[in-house]
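Under full-length UniProt numbering, think of the first position of the sequence shown as 1, with each following residue one higher. Every residue, glycine too, gets a C-beta built ideally from N, C-alpha and C. Below: the structure, in structure tokens.
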Amino acid sequence: MKLIIDDANIENIRKIYDYYPVSGVTTNPSILAKAGGNPLEHLIKIRQVIGEDELHVQVLEDSAERIIKEAEFLNKKLGANTYVKIPVNPEGLKAIKILSKKGFKITATAIYSINQAYLAAQAGANYLAPYINRIDNLGYDGINIAKNIQKILIENKYETEILAASFKNSNQLIRLAEIGIGASTCSSDVIFKLIDDKNIDSAISAFKNDFSKLDSSKKTWLDYI
Ligand code: G3P
1 MKLIIDDANI
11 ENIRKIYDYY
21 PVSGVTTNPS
31 ILAKAGGNPL
41 EHLIKIRQVI
51 GEDELHVQVL
61 EDSAERIIKE
71 AEFLNKKLGA
81 NTYVKIPVNP
91 EGLKAIKILS
101 KKGFKITATA
111 IYSINQAYLA
121 AQAGANYLAP
131 YINRIDNLGY
141 DGINIAKNIQ
151 KILIENKYET
161 EILAASFKNS
171 NQLIRLAEIG
181 IGASTCSSDV
191 IFKLIDDKNI
201 DSAISAFKND
211 FSKLDSSKKT
221 WLDYI
């Protein structure tokens, strides 16, 4: 399962890229609004930080015709490895059908149901983005819906993959890794919390302490050089 950053904060993206095994950045209009400034310039900055990795950017128009124009514009400005995020309603589905035939990379987004997921896969989307935590908040089981979507993809031999989104915690993320979905995108906070654990620090400190008992002047292997 690929891990993707659902954040437009440049500092967070730089830090996560430096330390964590991530494969790209997803954004939506709310995430861009949080970062502030000119959204296009901001996306160009993100592109500079992440190189040719996946960058997912959401469209805002309502009609399929205008969504297609947005997709063409975003691809021209942000490069070939830009995934156009299109919400799955009837106009979005029409746009997905047309754009996928033209070879655009598409993330079908705002997925709350298996119906949407099935239709977007059939229309040729590359990724399906079910909103795990938002589905939970509606009283359904987000993880279970992702599992059922995965079953549809496998049974029908679609090349489409899941890009799960909307996570509240790392447990939700790991439960999706267990079923081998294609990718998950989560906020910087959830990524940082994956290994933010005092037990790790205390184990490391005990190991260091034991090693220094051998020779108090030698703390690490570098002291033997
Ligand atoms: O891109 C969709 C995803 O970011 C939604 O996450 O946390 O707003 O439910 P959230």
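The ligand G3P has a heavy atom closer than 7 Å to the beta-carbon of Thr-26. Our two residues, Thr-160 and Ala-206, have alpha carbons roughly 46 Å apart in a direct line. Rounded to the nearest angstrom, the Cβ distance from Lys-101 to Gly-124 is 7 Å, consistent with a contact under 8 Å. Gln-122 has its alpha-carbon roughly 13 Å from the corresponding atom of Ile-154. Three or more beta-carbon pairs separated by less than 8 Å are not found between the segment 212-225 and the segment 25-41, which leaves the two stretches without contact. Using a 10 angstroms sphere on the CB of Arg-47, the tally of other CB atoms reaches 16 or more, which defines it as buried. Counting the other Cβ atoms within 10 Å of the Cβ of Thr-27 gives 16 or more, which makes it buried.
If you check the C-beta of Ser-170 against the ligand G3P, you find no heavy atom less than 7 Å away.
The beta-carbon distance between Ile-149 and Leu-173, rounded to whole angstroms, is 16 Å. This is too long to meet the 8 Å contact definition. For Glu-65, the three-state secondary structure derived from DSSP is helix.
For Tyr-17, the enclosing alpha helix (DSSP H) begins and ends at 10-19.
Comparing C-alpha distances from Ile-152 to each of Glu-54, Ala-120 and Val-49 shows the shortest one belongs to Ala-120.
Leaving aside the five residues that flank Ile-135 on each side, the residues in its chain whose CB is nearer than 7 Å to its CB run, in chain order, Tyr-112, Gly-142 and Ile-145. Comparing alpha carbon positions, the residue from Tyr-83, Gly-79, Gly-103 and Thr-109 closest to Leu-93 is Thr-109. A straight-line Cα-Cα distance of about 6 Å links Gly-24 and Ile-5.
Taking all protein chains shown into account, Leu-163 has 16 or more neighbouring C-beta atoms within 10 Å of its C-beta and is therefore buried. Excluding five sequence positions before and after Ile-44, the CB atoms of its chain that fall closer than 8 Å to its own CB belong to Lys-77 and Leu-78, given in chain order.
Every alpha helix (DSSP H) of 4 residues or more that sits fully in the segment 111-168 is shown, in chain order, as 114-122, 132-137 and 142-155.
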